[in-house]
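Numbering (the working numbering), first residue to last: 157 to 316. Note that beta-carbon positions come from the ideal geometry of N, C-alpha and C, so glycine has one too. Report on the structure given below.
Here it is, written out as structure tokens:
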């Protein structure tokens with residue numbers, strides 16, 4: 157499973173807004189761009205999409221900015237990812253309209269990958285923005301422990 161930069165940045169925008177939800181002034185795109193080292197113009201496109209999808213409230217002009225449209229505890233990562241990602245096609249046979257796979261219909265890989273995708277999204281469904289930005293380690297909406305990972309685990313060698 158791979159998230160596009162668009163989805164990654166969408167989640168960062170929402171997390172930044174969640175962290176600053178209690179402050180009086182709304183968050184600005186410039187603040188987020190500076191904090192994450194992301195192009196302001198690219199973030200503007202993402203913010204427009206997040207607003208159109210019902211995740212953010214935007215206010216133009218002096219004193220304007222962004223706020224979460226609903227409490228962080230009600231924003232499930234799975235919902236955000238499903239709206240931000242445009243393609244969950246993992247292999248050619250996921251798209252019957254363009255698949256030229258000669259073993260499609262006889263291969264079990266497609267079912268395994270569908271199950272993996274469903275599990276991936278189920279984990280994201282069990283975590284809210286509030287779980288991600290809580291100052292203390294907590295439990296996700298589905299009760300599983302939410303851990304802060306600071307680096308990738310070493311990859312396991314493949315036995316051949």
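Proximity below 8 Å, CB of residue 268 to CB of residue 174: no
Cβ pair count under 8 Å reaching 3, the stretch 160-169 against the stretch 268-282: no
Pair within 8 Å by beta-carbon distance, residue 236 and residue 203: no
Residue 200, enclosing alpha helix (DSSP H) - first and last residue: 196-208
Beta-bridge pairing of residue 284 - partner residues as DSSP gives them: Looking at the DSSP assignment, residue 284 forms a beta bridge with 232.
Neighbourhood of residue 234 by C-beta distance below 7 Å, restricted to the same chain and skipping five residues each side: 277, 280, 281
Where residue 208 falls, given that 16 or more other Cβ within 10 Å makes a residue buried: exposed
Element boundaries [alpha helix (DSSP H), containing residue 168]: 161-175
Below-8 Å beta-carbon distance, residue 196 vs any chain B residue: This model lacks chain B altogether; it includes just one protein chain.
Three or more C-beta pairs below 8 Å linking the stretch 189-205 and the stretch 225-234: Segments in contact, no.
Assigned secondary structure, residue 225 (DSSP; H/G/I helix, E/B strand, else coil): coil
Secondary structure of residue 241, DSSP reduced to three states: coil
Burial state of residue 308, where buried means 16 or more other Cβ atoms lie within 10 Å: Caution applies to residue 308, whose pLDDT of 47 falls short of 50 and renders its modelled position unreliable; the value that the coordinates give is listed next. Its Cβ having fewer than 16 others within 10 Å, residue 308 is exposed.
Opposing strand residues paired with residue 190 [DSSP bridges]: Looking at the DSSP assignment, residue 190 forms no beta bridge with any residue, so it has no partner.
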